[in-house]
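For what it's worth, the UniProt record's numbering labels the leading residue of the sequence shown as 1, then goes sequentially. Don't be surprised by glycine CBs; every beta carbon is placed ideally from N, CA and C.
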Amino acid sequence: MQDSIGNEERWARECFEELKEDGLEVNEVTTDPDSSAYRAAECLFQEGLTTTTPIHFLDTRHVASNHRKFVNNLSTVCDIMPARLKVQRTRLQSLFASDMAARCQAEFVQANIRYHKSPDVMKSKLSYVSDAIVGCYCGDHTDCSLYSFVCSISRKSQSWIDKSAYLKRHNFEIELNENSENILRQCVNYCLGPGMLAKTAKSANSQKGLKLENVKIPVFPVVKFERLSKDDFDLVTKPVNIKHSAEIPMHSTSGRLLRPKQAAKTEVEKCAENENKTGSEKYTNRTVTISKNTEMWNEVFREHQNVSPHCNGILEWDLSMEEKWGSAWRECAKCTKCTYRSKMFNLYEEVASIKRGRRAAKINLGLQVGLHHTPISTASYRKICMASNIPPPSVSGMQHTANAISEKVEEENMRDLQRQRRK
């Protein structure tokens, strides 16, 4: 009889039958979530060949991998991602799935370390952790400080999202409502729900390595990796003492580092480093909409009070994160004392449009309309901005907007001429 080596149920059954012949019965079976080996022990018990009820446990490593795939494939998760474009939401969903799997696994590992002798206590503690995770992704860290094992906000620590390798650069925060709460709870319960905890309570793993006891492991000094400078890299890839290719030996060379950094800092890097030290950008001017600026600071004050109620730091613009789009600006705020940083705010009005993509800023379009009716050129306007200590728009950006405006101005002129002829 021929059979596939991947028939796990058959080979597991043969192993269990051999153990039965030796007077041993299997009580606990740890497998992958998609493995059929457990069914072999279950069938033997149902057929009356064994008297011990088998208990099925899941491999925690595979549960974490399946958890990430589950969240990434859940279509409702994409709808609650904090982004306007579908492409951005899909990208955030992939990062969120990886972060959610890592967060739940970290909470489970820390809870198992503390309460591995009391599974019931561990399940009770993790039930509160589930609520804390839901609030954490919505920007509310109140329960994190009380129940979470890996996330807490204080003067000396940051939240899980602030330290996350996936979400810390995206100012990630989901809008809290009944729909988003139910979706987040569904994602959390996949790993920390009562049913899954019953199968992973012992933190068993089917791919355990060899246990090392009384083995002296050599300790090597930690060498910090540093990327070679471009000048040092050229010494390896472009030897100066070899002038002809015929003199190069015919054998494989050693490994080489790709994309080496410059030996000296560029002018842009020097200016950015100097601005961080001196804060000179704080004394420049910005063109913002007053109502948008008011909305931003009111929301920032309320959010900072909820996140850090005892902090008395000063809130200011985080100029290292600002985004310039022509004459329009996107800003966020930070606290000088705690780790609070707000989301990005549009400090300009947008033009209503039914087209997909980013909406145009009214100030950029209005600027080009004004320049079309005056003899001021793009270069002259940039000089006016620089003289007023306002960061000027880029030449290419102004030209792109001017091309779009000129077509509209031409159409309006043609309609005006037609109206005059009719008179």
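Local Cβ density within 10 Å of residue i, reported as buried at 16 or more and exposed below that
i      : result
His244 : Confidence in His244 is poor, its pLDDT being 47 and thus under 50, which makes the residue's placement unreliable; the coordinate value appears in the next sentence. Exposed is the call here.
Ile153 : buried
Leu24  : exposed
Lys408 : exposed
His141 : buried
Leu347 : buried
Arg103 : buried
Thr50  : buried
Met414 : exposed
Glu107 : buried
Gln399 : exposed
Ser130 : buried
Phe172 : buried
Glu294 : Here residue 294 is Thr; the residue named in the question, Glu, does not match the sequence. Burial call: exposed.
Cys144 : buried
Leu146 : exposed
Separation of residue j from residue i, as counted between CA atoms
i      : j      : result
Phe233 : Cys311 : 48 angstroms
Thr266 : Tyr381 : 28 angstroms
Glu47  : Asp59  : 26 angstroms
Met81  : Gln186 : 15 angstroms
Leu212 : Ser280 : Note that Leu212 scores 48 on pLDDT, short of 50, meaning its location in the model is unreliable; the coordinates nonetheless yield the value given after this. Approximately 57 angstroms between the Cα atoms of the pair.
Trp11  : Val71  : 33 angstroms
Gln305 : Met386 : 37 angstroms
His56  : Lys199 : 7 angstroms
Gly397 : Gly193 : 51 angstroms
Arg91  : Cys151 : 24 angstroms
Glu9   : Asn73  : 29 angstroms
Glu412 : Arg89  : 38 angstroms
Lys20  : Ala40  : 13 angstroms
Glu410 : Ala402 : 12 angstroms
Cys136 : Pro309 : 16 angstroms
Lys123 : Arg358 : 46 angstroms
Val288 : Cys271 : 24 angstroms
Arg330 : Trp160 : 25 angstroms
Ala361 : Glu349 : 6 angstroms
Ala404 : Arg61  : 54 angstroms
Member of the options whose CA lies at the smallest distance from the CA of residue i
i           : options                        : result
Ala125      : Val134, Ala111, Ile133         : A small correction: the amino acid at residue 125 is Lys; Ala does not occupy that position in the sequence shown. Measuring from the Cα of Lys125, the nearest candidate turns out to be Ala111.
Val29       : Glu18, Thr53, Leu49, Gly48     : Thr53
Arg286      : Pro309, Lys199, Gly326         : Gly326
Glu17       : Glu42, Asp32, Ser35, Thr31     : Glu42
Asp231      : Val351, Ala264, Glu295         : Ala264
Ala352      : Leu44, Leu365, Ile384          : Leu365
Phe96       : Tyr166, Ala198, Trp11          : Tyr166
Ala83       : Ser377, Ile174, Gln305         : Ile174
Asp99       : Pro119, Lys292, Asp131, Ser164 : Ser164
Asn66       : Asp32, Ser388, Ser291          : Asp32
Leu367      : Thr378, Tyr128, Gln418         : Thr378
residue 435 : Ala37, Lys423, Ala201          : A question about residue 435 goes unanswered here, because the residues of the chain that appear run from 1 up to 423.
Reduced DSSP secondary structure (H/G/I, E/B, other) of residue i
i           : result
Leu210      : The pLDDT assigned to Leu210 is 46, lower than 50, so where the model puts this residue is not dependable, and the model offers no usable value.
His373      : coil
Lys334      : strand
Glu47       : coil
Ser406      : helix
Leu319      : coil
Ile55       : strand
Ser396      : helix
Glu28       : strand
Phe345      : strand
Ser327      : coil
Glu8        : helix
residue 435 : As shown, the chain starts at 1 and ends at 423. That puts residue 435 outside it, with no answer to give.
Ala361      : strand
Ala118      : Note on identity: in this sequence residue 118 is Ser, with Ala being the wrong assignment. Three-state result, Ser118: coil.
Ser98       : helix
Ser229      : strand
Beta-carbon proximity check, residue i vs residue j, cutoff 9 angstroms
i           : j      : result
residue 440 : Met321 : It is not possible to answer for residue 440, since the shown part of the chain is limited to 1 through 423.
Val63       : Ile133 : no
Gly313      : Lys343 : no
Lys86       : Cys78  : yes
Ser115      : Val121 : Residue identity differs from the one stated: residue 115 is Tyr in this sequence, not Ser. Going by C-beta atoms, Tyr115 is nearer than 9 angstroms to Val121.
Cys191      : Ala328 : no
Ser75       : Cys138 : no
Thr339      : Gln158 : yes
Leu319      : Trp297 : no
Lys282      : Pro391 : no
Glu299      : Phe345 : yes
His372      : Ser394 : no
residue 428 : Ile376 : There is no way to answer for residue 428, as the model of the chain reaches only from 1 to 423.
Residue-chain proximity (residue i, chain D), Cβ-Cβ < 9 angstroms
i      : result
Lys199 : In the structure shown, chain D does not exist; there is a single protein chain.
Heavy atom of the ligand SAM within 8 angstroms of residue i beta-carbon
i     : result
Leu58 : As presented, the structure is devoid of all ligands, the ligand SAM included, so that no description of it is given.
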